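Please read the structure below before turning to the comments.
Protein chains: 2
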Amino acid sequence: MYKAKAYSAASATSPLAADTIQRRNPTDRDVQIEILFCGVCHSDLHYSRDEWHAIMPAVYPCVPGHEIVGRVTNVGSGVTKFKQGDRVGVGCLVDSDHTCPNCRAGLEQFCPNQVLTYGSPDRHKTAAVTYGGYSESVVVDEGFVLHIPANLNLSAAAPLLCAGITTYSPMRHWGVTEGKKVGVVGLGGLGHMGVKFAHAFGAHTVVFTTSPNKKDDALRLGADEVVVSRNADEMQKHAGSFDFILDCVAAEHDINAYINLLTRDGNITLVGAPDKPLPVSAFGLIMGRRSLSGSPIGSIAETQEMLNFCGEHNITSDVEVIPIQKINEAYARMIKQDVKYRFSIDMASLKSE
Amino acid sequence: MYKAKAYSAASATSPLAADTIQRRNPTDRDVQIEILFCGVCHSDLHYSRDEWHAIMPAVYPCVPGHEIVGRVTNVGSGVTKFKQGDRVGVGCLVDSDHTCPNCRAGLEQFCPNQVLTYGSPDRHKTAAVTYGGYSESVVVDEGFVLHIPANLNLSAAAPLLCAGITTYSPMRHWGVTEGKKVGVVGLGGLGHMGVKFAHAFGAHTVVFTTSPNKKDDALRLGADEVVVSRNADEMQKHAGSFDFILDCVAAEHDINAYINLLTRDGNITLVGAPDKPLPVSAFGLIMGRRSLSGSPIGSIAETQEMLNFCGEHNITSDVEVIPIQKINEAYARMIKQDVKYRFSIDMASLKSE
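Line by line, the protein sequences give chains A and B.
Just so you know, we're using the working numbering here: the first sequence kicks off at 1 and counts up by one.
Just so you know, we're using the working numbering here: the second sequence kicks off at 354 and counts up by one.
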C-alpha cells in the first residue's frame with residue numbers, strides 16, 4: 001500500500017477537505033493512474049452528503065469522483081491493454097462479479113455485485129470502501145480502464161466517463177439514428193451531452209428547457225430547435241412527433257406532457273432521478289403504445305465505444321476547470337445550476353496540499 | 354337503409370333499453386352480419402355513461418358493443434374475402450383513413466382518423482355516430498371483418514375481439530415466448546385472457562391477485578404460480594425476475610412493486626387504464642433499464658393472427674351468457690367484478706323485443 005493525497009468528506013455535514021488515503025500497490029491485473037482531471041457529478045454531492053442513505057448509505061471518510069482521466073504510471077505484469085504513459089479514464093465502475101447473467105452478457109452496469117468507483121466495499125481491503133477520483137492517483141483492474149482518444153482535451157473529456165456514457169447509452173439502446181426526431185429535456189451536465197450526441201447521430205434534435213435564455217446555447221451545442229416547455233402552445237405543436245426523448249431532469253416535472261409528444265412506439269428515458277415518484281397517466285402510454293424507461297450508465301465496452309465515437313466526432317463536455325480547493329463552492333453552485341455545464345477538477349491543484 | 358333492433362342508452366343516466374336503429378344497406382365493399390353474440394366490455398359501460406367525456410364525449414342514443422360475432426347474411430359485389438354463411442367477427446374498429454403512416458404500416462389501431470365500432474362520426478351518414486354490437490345486425494367494410502375459426506364456440510369467441518387482442522398484442526410486441534417469465538396482474542376479463550395466451554406461448558406464467566380465493570381458478574386457466582400481491586414477502590421472492598408483466602388493473606395500485614419484479618430490460622405494459630395518474634419511481638426504471646408502456650388493441654391483421662392462434666390452441670374466453678334484457682344487471686355486476694370472466698350477450702334474445 002502507499003499513501004495518496006485526496007479530498008474527502010468526514011461526515012454528511014462536513015465540507016470536503018484535504019486528506020491522505022491508502023491506495024493498493026498494483027496487482028498483476030492493475031493499472032496505476034496519475035489522475036489529471038476529475039469531473040464533478042451531482043452523484044458526488046448526493047453520496048458525500050448521504051442523501052441516498054436508503055439505497056446506498058455513505059461510509060466516511062468518503063472520497064467522491066467517478067469521471068476520472070489521467071495517465072498510466074505503472075502496470076501489473078499481467079496487464080496487456082495499457083502501458084506507462086497511456087491517456088486513460090475510469091468511470092463509475094471498478095469491478096464486477098464477471099459471472100452473473102448481466103456480466104456474461106457484457107452488461108456489467110447491471111451486475112448485482114458491481115464495485116462502484118467510490119463507496120463500495122473494497123475487495124482488496126485497502127480501506128473499508130473504495131475511494132474515488134478526488135485524489136492524485138488510483139489503482140484499477142485493467143478491465144475497467146478506458147482509452148482516451150488522443151485528440152480529446154483531457155479536462156473536457158473527464159465528464160464523458162459518467163455524463164457522456166449516461167446519455168450515449170440510452171440513445172443507442174433505443175435506436176437514435178439519422179432521420180429520427182429526438183428531444184432532450186433539461187440543459188445541464190447530462191442534457192448538454194445528450195444534445196451533442198443526438199446531433200452527432202444525425203437526429204433532428206429539440207431541446208426542452210424552462211429557461212428561454214438557454215436558447216442560444218442549445219443551438220450552439222447542436223440543437224435544431226428549442227422549445228420553452230412552459231409554453232403549452234409550443235409544446236402542442238410537437239404532439240405525437242418524437243421518436244425518442246431523453247429526460248435529464250432530476251427535479252419534479254410533468255412527464256405526461258412529454259409522453260404526449262411521442263410518436264407511436266416512441267420512448268422517453270429517464271436519466272435524471274427525481275426523489276419523488278412521477279405521476280404517469282396510463283392513457284398517454286396506451287394510446288400510442290409508448291414507453292417510459294430509465295437507464296443508468298453503460299457497460300465498459302460501450303463506454304469505450306462512446307469514447308471512440310467522441311474521438312471521431314471531436315465531442316467533449318463543456319467544462320469549467322477548477323482547483324480542488326474550490327470543490328465546496330462548486331457543489332453550492334451546482335445546486336443552483338450555476339455551471340456550464342460541468343466542473344472539472346484540475347488535480348495538479350492537489351500537489352500544494 | 355333498413356331498421357334493426359338494438360339496445361341503446363338515451364343519456365348518461367339512462368339504463369340501456371330496446372330501441373330501433375338505422376343500418377346502411379351494404380355497399381360494394383360491405384359485409385352484412387347477423388350478430389349472434391356480443392361480449393360486454395368495461396368500455397361499453399364507460400362510454401354509455403359518458404365517463405370518458407374528456408377524451409371521447411358520448412353521443413346519444415348510444416349503442417355499445419365491440420366484441421361482435423355472427424354470420425354473414427349478405428355481401429357487396431366487390432367483397433372477396435367473405436361469403437354468405439361465414440362465421441365472422443368485428444372488434445373495436447370499423448374503418449380508418451388508410452393513408453396515414455400508421456395505416457401504411459398496417460397498424461390502423463393507431464390511425465388518428467380511425468372509426469370506432471361505436472361512438473365515432475359515421476362516414477356513411479346513416480346516423481350521427483356509429484352504432485355497436487348490441488344489435489341484431491351490423492354492416493361493416495370487409496377490411497375490418499375477421500374470420501372466426503370453425504372450432505371455436507361463438508359465444509366464448511366474442512370477447513377475443515377486444516379482450517383477446519388487447520392482451521395478445523402486447524405479449525407479441527414485447528417478445529413473450531417459451532422460456533420467458535411472464536406476470537399477469539389482475540384476473541378479470543383481460544387478465545384471464547392474458548393467462549391463457551402467456552401459457553399458450555409457453556411462458557412461465559405467474560398471476561398476481563389481491564384475492565387468495567382466485568388461486569385455483571388461475572391455475573386452471575394456465576398459471577404456473579399465483580402470488581398474492583398484498584404479501585410483501587411473496588412479492589420479494591420474485592424481485593428482478595420477470596421478462597414481461599401485463600398489468601390489467603384499472604383501479605389504483607402500486608406499479609412500482611411490479612416494476613421492481615422486472616429483470617434487466619424487462620417491460621410492464623398497462624392495458625387497464627386507471628383514471629388517476631400512477632406514481633412511478635424513477636429509480637426502479639433506471640436500475641434495470643426497465644420500461645413501462647401501454648398498449649391499446651391490435652391491428653386488423655394481428656387480430657386475425659390472434660383468432661387463428663386461438664383456433665389452433667382452442668382458446669376462447671370464459672363467459673357467462675346472458676340475454677340482452679339482463680344487460681343493466683350485468684353492468685352492475687361487472688362493477689363489482691362479479692363475473693367469470695366476461696359476459697356474452699346471446700343476441701337471439703333481442704328477437705322477442
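Virtual Cβ for every residue (Gly too), placed ideally from N, Cα, C.
Keep in mind it's a predicted model, so treat the numbers as computed, not measured.
**OP:** Please decide whether phenylalanine 110/A counts as near chain B, where near means a Cβ-Cβ distance under 8 Å.
**Re:** Translated into the one-based positions of the first sequence, residue 110/A becomes position 110. Residue-level contact by beta carbon holds for phenylalanine 110/A and chain B, with a gap shorter than 8 Å.
Original post:
So, does the CB of methionine 640/B fall closer than 8 Å to a CB anywhere in chain A?
Top reply: Residue numbering aside, residue 640/B sits at position 287 when the second sequence is read from its first letter. At least one chain A Cβ lies under 8 Å of methionine 640/B.
Original post:
chain A beta carbons: is any one of them nearer than 8 Å to that of serine 449/B?
Top reply: To locate residue 449/B, count along the second sequence from 1; it is residue 96. Chain A contact via Cβ: absent.
Subject >> Contact with chain B by leucine 278/A, beta-carbon distance below 8 Å >> reply: Locating residue 278/A in the first sequence gives position 278, counting from the first residue. For leucine 278/A, the answer is yes, since a Cβ of chain B falls inside 8 Å of its Cβ.
**OP:** Kindly list, in the order they appear in chain A, the residues whose Cβ is closer than 8 Å to that of alanine 646/B.
**Re:** In the second sequence, the residue the question calls residue 646/B occupies position 293. Sequence check: residue 646/B is serine here, not alanine. Contacts between serine 646/B and chain A, judged by CB atoms closer than 8 Å, involve Leu285, Arg289, Arg290, Ser291, Leu292 in chain order.
Original post:
Can you tell me whether DSSP reads serine 523/B as helix, strand or coil?
Top reply: Working through the second sequence from its first residue, we reach residue 523/B at position 170. The sequence given here places proline at residue 523/B; serine does not occur at that position. In the three-state DSSP reduction, proline 523/B falls in the helix class (H, G or I).
Subject >> Where the stretch 450-484 of chain B meets chain A: residues whose CB sits under 9 Å from a CB there >> reply: Result list: Pro454, Asn455, Ala458, Leu460, Gln462, Phe463, Pro465.
Original post:
At a Cβ cut of 8 Å, what residues of the stretch 404-416 of chain B count as close to chain A, listed as they run along the chain?
Top reply: Hits within the stretch, in order: Ile408.
Subject >> Contacts that proline 274/A makes with chain B (C-beta to C-beta distance below 8 Å) >> reply: In the first sequence, residue 274/A corresponds to position 274, counting from 1. Ala635, listed in chain order.
Subject >> Chain-order list of residues whose beta-carbon lies under 7 Å from that of threonine 616/B (same chain, five-residue window excluded) >> reply: Residue 616/B sits at position 263 when you count from the first residue of the second sequence. The residues are Gly593, Ser594, Phe595, Asp596, Gly641.
Original post:
Taking C-beta to C-beta, are leucine 499/B and leucine 660/B nearer than 8 Å?
Top reply: Residue mapping note: residue 499/B aligns to position 146 of the second sequence, counting from 1. Residue mapping note: residue 660/B aligns to position 307 of the second sequence, counting from 1. Yes; because the gap between Cβ atoms is below 8 Å, this pair is in contact.
**OP:** Report all residues from its chain with a CB closer than 7 Å to the CB of phenylalanine 308/B; omit the five preceding and five following residues, and keep chain order.
**Re:** Limits of chain B in this structure are 354 at one end and 706 at the other, which puts residue 308/B out of reach.
Subject >> Those runs of the beta strand (DSSP E) which lie wholly inside the stretch 569-650 of chain B and span at least 3 residues >> reply: The qualifying runs are 578-581, 595-600, 615-623, 631-633, 644-647.
Subject >> methionine 347/A classed as buried or exposed, judged by whether at least 16 other C-beta atoms fall within 10 angstroms >> reply: Locating residue 347/A in the first sequence gives position 347, where the first residue counts as 1. Buried, because 16 or more other Cβ atoms sit within 10 Å of the Cβ of methionine 347/A.
Original post:
Comparing alpha-carbon positions, which option in Ser430/B, Tyr611/B, Glu387/B, Asn584/B lies nearest lysine 358/B?
Top reply: Taking the second sequence and counting its residues from 1, the one referred to as residue 358/B is at position 5. Closest in alpha carbon position to lysine 358/B, among Ser430/B, Tyr611/B, Glu387/B, Asn584/B, is Glu387/B.
Subject >> Three-state secondary structure assigned by DSSP to glycine 183/A >> reply: Here residue 183/A is taken as the residue at index 183 of the first sequence, counted from 1. The three-state secondary structure of glycine 183/A, taken from DSSP, is strand.
Original post:
Thinking C-alpha only, which one of Pro112/A, Cys92/A, Gln236/A is nearest cysteine 100/A?
Top reply: Start at 1 with the first residue of the first sequence, and residue 100/A comes out as number 100. Looking at the Cα atoms, Pro112/A is the closest of the given residues.
Original post:
At a CB-CB cut-off below 7 Å, which residues of chain B make contact with arginine 342/A?
Top reply: Residue numbering aside, residue 342/A sits at position 342 when the first sequence is read from its first letter. When 7 Å is used as the limit between beta carbons, arginine 342/A is near no residue of chain B, the shortest such separation being about 20 Å.
Original post:
Of the residues Gly528/B, Ala603/B, Ala509/B, which one's Cα is nearest the Cα of methionine 546/B?
Top reply: Within the second sequence, numbered from 1, the residue matching residue 546/B stands at position 193. Answer by Cα proximity: Ala509/B.
Original post:
At least one CB of chain A closer than 8 Å to the CB of leucine 614/B: is that the case?
Top reply: Position 261 of the second sequence, counting from 1, holds the residue named residue 614/B. No, because no Cβ of chain A sits closer than 8 Å to the Cβ of leucine 614/B.
**OP:** Report buried or exposed for tyrosine 355/B, applying the criterion of at least 16 other Cβ atoms within 10 angstroms of its Cβ.
**Re:** Stepping through the second sequence from its first residue, residue 355/B is reached at position 2. Of the residues assessed, tyrosine 355/B falls on the exposed side of the cut-off, its CB having fewer than 16 other CB atoms within 10 angstroms.
**OP:** Answer with yes or no whether the minimum CB distance from proline 379/B to chain D is below 8 Å.
**Re:** The structure shown has no chain D; the protein chains it does contain are A and B.
Original post:
On the three-state DSSP scale, how would you describe histidine 557/B?
Top reply: Working through the second sequence from its first residue, we reach residue 557/B at position 204. Correct three-state label for histidine 557/B: strand.
Subject >> Beta-carbon neighbours of arginine 617/B, restricted to chain A and to distances below 9 Å >> reply: Here residue 617/B refers to the residue found at position 264 of the second sequence. Scanning chain A for C-beta atoms nearer than 9 Å to the C-beta of arginine 617/B yields Pro101, Asn102, Ala105, Leu107, Phe110, reported in chain order.
Original post:
Would you call arginine 290/A buried or exposed, if buried means 16 or more other Cβ atoms sit within 10 Å of its Cβ?
Top reply: As a position in the first sequence, residue 290/A is number 290, starting the count at 1. Arginine 290/A comes out buried.
Subject >> Extent of the continuous alpha helix (DSSP H) to which phenylalanine 309/A belongs >> reply: As a working mapping, residue 309/A is identified with position 309 in the first sequence. Following the DSSP letters along the chain, one finds phenylalanine 309/A inside the alpha helix (DSSP H) bounded by residues 300-313.
Original post:
In chain order, what residues of the same chain have a beta carbon less than 8 Å from the beta carbon of glutamine 375/B, not counting five sequence neighbours either side?
Top reply: Taking the second sequence and counting its residues from 1, one reaches residue 375/B at position 22. Closer than 8 Å at the Cβ level, and outside the excluded window around glutamine 375/B, lie Met354, Tyr355, Lys356, Ala357, Thr479, Ala480.
Original post:
By a C-beta neighbour count over all protein chains shown, 10 Å radius and 16 as the cutoff for buried, is histidine 399/B buried or exposed?
Top reply: Indexing the second sequence from 1 puts residue 399/B at position 46. Label assigned to histidine 399/B: buried.
Original post:
For alanine 251/A, which of Ile335/A, Asp19/A, Phe201/A has the nearest alpha-carbon?
Top reply: As a working note, residue 251/A is residue 251 in the first sequence. Here the closest residue by C-alpha is Ile335/A.
Original post:
Using a C-beta to C-beta distance shorter than 8 Å, which residues of chain B count as neighbours of proline 296/A?
Top reply: Position 296 of the first sequence, counted from the start, is the residue given in the question as residue 296/A. The contacting residues are Ile639, Met640, Arg642.
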